[in-house]
Amino acid sequence: MANRVKQRMVAARLLQSLPILVLATFIVFCLMQLIPGDVAVTLAGENASMERIEQIREAYGLNQPFLVQYGQWLGHAAQGELGASLLSGEPVAQTIARTFPNTLLIAVYAVLLSVLVGVPLGIVAATRAGSPLDSTIMGAASLGVAVPNFWFGMILVLFLALGLQWFPATGFVSPTEDFSGALWYATLPALALCTNGIAEVARQLRGSLVEIQSSQHVRTLHAKGLSPARILWKHGLKNVSVNLLTVIGLLFNKILAATVVVEAVFAIPGIGSSIVNAVLQGDFPVVQGAVLAMVVTVILVNLCTDLACTVLDPRIHA
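Residue numbers (this note's numbering): 15 to 332.
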């Protein structure tokens with residue numbers, strides 16, 4: 015019975031995700047039409063004749079109505095065909111396969127750092143609620159939320175890369191070629207991204223634990239003689255695990271979006287950089303394919319988070 019409930023939940027989540035996929039690609043497609051310039055003129059080159067420009071428009075379907083262009087792209091994407099770059103000719107799927115692993119590594123690295131640092135800070139703040147230590151941690155967390163990722167990234171480059179020369183300032187190594195080298199290159203970008211994540215995890219966990227500790231259930235456990243440490247680890251963290259997992263899932267989505275800016279700071283050939291370059295050049299097949307890949311990733315992360323929450327708390331269902 016439980017498996018059927020989970021299967022229905024997965025099916026319902028996937029069906030709910032389809033309109034989000036279509037809407038995201040449609041919005042991006044609309045925005046691409048607002049970018050000034052003509053892709054056909056760019057492809058034709060300088061001093062090209064109008065006849066040559068029209069030939070290019072016809073060859074790439076740029077002379078067709080907007081909805082026809084979008085419908086054709088969406089139909090091909092549903093079959094796994096994302097087209098090719100208008101400028102380089104490289105298949106969009108190949109561009110995604112080459113750049114997306116770099117972005118995913120940085121995002122996962124930043125989330126792990128956020129959890130490894132944020133969870134202990136949240137626990138310490140909750141167990142010392144109202145103390146100067148609690149105020150210091152929450153003050154630092156508020157500062158971490160307010161600090162822009164790109165600004166902190168530039169500070170890290172200035173001191174840790176250019177000053178101390180502990181890490182490279184720019185560039186990247188593909189994790190499929192050299193994983194340890196990729197981690198070294200990804201450290202500064204991950205640190206730039208995890209400041210907000212650490213603050214978010216610490217604040218959410220601290221708030222949830224303080225609420226649990228003030229509940230009647232925990233007061234009863236204290237009256238029975240259980241030690242505060244046992245109550246915290248056996249009952250407190252167990253009760254906030256679903257909330258914490260939800261925060262981590264949302265945090266990954268937020269960090270994945272923020273990589274677009276951070277990749278520009280560190281000159282990383284990730285999918286965010288590909289999107290920025292494609293937007294500037296009017297290469298809408300690359301933009302559409304890259305955005306689709308990111309939206310699908312977000313949907314899969316949300317689905318995995320929902321499934322994990324049902325394992326931790328079987329009362330949660332679709």
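Glycine included, each C-beta is placed from N, C-alpha and C at the ideal position.
Computed from a prediction, not measured in an experiment: that's the story for all the values here.
Local conformation of residue i per DSSP, three classes
i, result
"P189", "coil"
"A25", "helix"
"L88", "helix"
"L258", "helix"
"A271", "helix"
"R142", "coil"
"G161", "Correcting the residue identity first, residue 161 is Val in this sequence and not Gly. Here V161 sits in coil by DSSP."
"N61", "coil"
"P299", "helix"
"G132", "helix"
"I2", "What the structure shows of the chain is the stretch from 15 to 332, and residue 2 is not part of that stretch, so it cannot be assessed."
"P182", "coil"
"P79", "coil"
"Q69", "helix"
"Q93", "coil"
Same chain, Cβ closer than 8 Å to residue i, neighbours up to 5 away in sequence not counted
i, result
"P115", "S188, P189 and T190"
"C323", "V256, L259, T260 and I330"
"N77", "E68 and R71"
"V36", "L88"
Member of the options whose CA lies at the smallest distance from the CA of residue i
i, options, result
"S99", "Q93, A92 and I110", "I110"
"L126", "F266, A175, F43 and G153", "F266"
"N210", "Q83, V131, A281 and F181", "V131"
"A304", "M64, Q78, Q108 and P79", "Q108"
"L306", "R66, V275, V276 and A91", "A91"
"Q83", "L317, L321, P299 and S63", "P299"
"L118", "L35, V312 and P162", "V312"
"G89", "I285, I289 and F40", "F40"
"V106", "I289, L317 and L321", "I289"
Strand pairing of residue i, partner residues [DSSP]
i, result
"A200", "A200 pairs with nothing; no bridge assigned."
"P105", "A98"
Closer than 6 Å: residue i CB and nearest the ligand FMN heavy atom
i, result
"L81", "Inclusion of the ligand FMN in the displayed structure is not the case, the ligand content being empty and no account of it being possible."
Contacting residues, own chain, Cβ-Cβ under 6 Å from residue i (five flanking each side not counted)
i, result
"L135", "I151 and A216"
"R142", "D148"
"Y123", "A200 and A204"
"T184", "F280 and A281"
Proximal residues to residue i (C-beta, below 7 Å), its chain only, five neighbours per side dropped
i, result
"V315", "G263, F266 and N267"
"A121", "F266, I269, L270 and T273"
"L174", "W180, F181 and L202"
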